[in-house]
């Protein structure tokens, strides 16, 4: 796997973790949510629906890398 990956295990992520798409570099910030997918602000990456994908490039959630917040 690659550095910064949560290895597909959302349970390793803290609620405040920001993650970046390794394809297009779009950042999921739980404080902002995702207006494209109608995800309200305050939604942790761990609470995103299983079908959620990057709103910019349609990359799979497992392609995201942790950019802030310490993974367990």
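Residue numbers (full-length UniProt numbering): 1 to 72.
In this text, a Cβ means the ideal position worked out from N, Cα and C, and glycines have one as well.
A quick note: this is a predicted structure, and the numbers were derived from the prediction, not measured.
Go ahead and pull the three-state DSSP assignment for residue i.
i          : result
residue 60 : strand
residue 34 : strand
Inspect the beta-carbon positions of residue i and residue j and report whether they are closer than 8 angstroms.
i          : j          : result
residue 53 : residue 47 : no
residue 7  : residue 45 : no
residue 26 : residue 56 : yes
residue 15 : residue 35 : no
Is the Cβ of residue i closer than 8 angstroms to any Cβ of chain E?
i          : result
residue 29 : As a matter of chain content, chain E is missing from the structure shown, which is built from one protein chain.
Looking only at DSSP bridge pairs, what is residue i linked to?
i          : result
residue 28 : 19
residue 66 : 19
residue 12 : BP columns for residue 12 are empty, so no partner.
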